[in-house]
Amino acid sequence: MFSFSKIFKNSKFKNIFAPISGNLINIEKIPDEAFSQKMLGNGIGIIPESNLVASPVDGVIVNITGTLHAFGIRTEDNIDVLVHIGIDTVKLKSQGFKCFVKKNQKIKTGEIIAEVDLNILRENKFEICSPVIITNMDKIKNLKININIGKVEVGKSIIMSYETL
Numbered sequence: 001m002f003s004f005s006k007i008f009k010n011s012k013f014k015n016i017f018a019p020i021s022g023n024l025i026n027i028e029k030i031p032d033e034a035f036s037q038k039m040l041g042n043g044i045g046i047i048p049e050s051n052l053v054a055s056p057v058d059g060v061i062v063n064i065t066g067t068l069h070a071f072g073i074r075t076e077d078n079i080d081v082l083v084h085i086g087i088d089t090v091k092l093k094s095q096g097f098k099c100f101v102k103k104n105q106k107i108k109t110g111e112i113i114a115e116v117d118l119n120i121l122r123e124n125k126f127e128i129c130s131p132v133i134i135t136n137m138d139k140i141k142n143l144k145i146n147i148n149i150g151k152v153e154v155g156k157s158i159i160m161s162y163e164t165l
C-alpha cells in the first residue's frame with residue numbers, strides 16, 4: 001500500500017521554522033526592494049506579533065550586525081539563513097534590540113537569539129516586517145515556501161522547506 005508518511009519520512013527536504021510569531025507575507029510584498037526583488041536571496045516576510053526572535057534552524061551564528069537588527073545562521077548543510085528584524089532598522093543603532101548569542105555560537109531551532117521592542121520601531125516609524133531569507137540560493141535545488149498558513153508561532157511553524165543540490 002502507498003504511504004505518504006514514508007515519502008515525508010525519507011524526504012531530503014529540511015525545514016526552516018518561524019523565528020518570530022506573527023503573520024506571513026509573500027516576499028514580493030516586503031516594503032524594501034532588496035528583499036522584495038530577491039536581491040539578497042529568496043524567502044518570506046513575517047509581520048511580528050511578539051518581541052522574541054529565535055533561530056529558525058539548527059546551525060551556527062555566522063553574523064550579528066553591530067546594530068543587532070540582523071543575524072546570519074549557517075546550517076549543518078551550509079545553507080545561510082538571514083533573519084532581518086524590521087526594515088531600515090539599522091538606523092536605530094541597536095536601540096530597542098537585545099542580543100542573547102555570540103558569533104560562532106552553535107544554536108538550535110527555537111533557541112532565543114534576540115529580543116526586539118516593537119513599540120520602539122513603531123514609535124520611530126520603522127516598518128516591523130521581518131524578512132527571513134536564504135542568501136545562498138545557488139546551493140538550493142528546491143525551495144518550498146509556506147505562504148498559506150497565515151499566523152505562525154516562533155520555533156514551531158514551518159515557514160520554508162529546502163532541498164540542497
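Using the UniProt record's numbering, you'd call the opening residue of the sequence shown number 1 and step up by one each time.
C-beta atoms are modelled at their ideal positions from N, C-alpha and C, and glycine is treated no differently.
Here the structure is a predicted model, which means the values were calculated and not measured.
query                                                                                                                                  : result
Pair within 7 Å by beta-carbon distance, K151 and N23                                                                                  : yes
Alpha-carbon spacing of I140 relative to M39, whole angstroms                                                                          : 16 Å
Start-to-end residues for the alpha helix (DSSP H) that takes in E33                                                                   : E33 to S36
Proximal residues to L93 (C-beta, below 7 Å), its chain only, five neighbours per side dropped                                         : Sequence check: residue 93 is Lys here, not Leu. The answer, listed in chain order, is T67.
Proximity to A114 [Cα-Cα], best of T89, I85 and E28                                                                                    : I85
Closer than 7 Å to chain D by CB, I128                                                                                                 : You won't find chain D in this structure, because it holds only one protein chain.
Contact under 7 Å by Cβ, I30 with G41                                                                                                  : no
Completely contained alpha helix (DSSP H) runs for the UniProt domain "PTS EIIA type-1" (32-136), where each covers 4 or more residues : 33-36 and 118-123
In DSSP terms, what S161 is bridged to                                                                                                 : N15 and K144
C-beta atoms of S21 and V154 nearer than 7 Å                                                                                           : yes
Counted within 10 angstroms of its Cβ, other Cβ atoms place F8 as buried (16 or more) or exposed                                       : With a pLDDT of only 45 at F8, under the threshold of 50, the placement of this residue in the model should not be trusted; the figure read from the coordinates follows. Exposed: under 16 other Cβ atoms inside 10 Å.
Buried/exposed call for D80, threshold 16 Cβ in 10 Å                                                                                   : buried
Backbone secondary structure at I27 - three-state DSSP                                                                                 : helix
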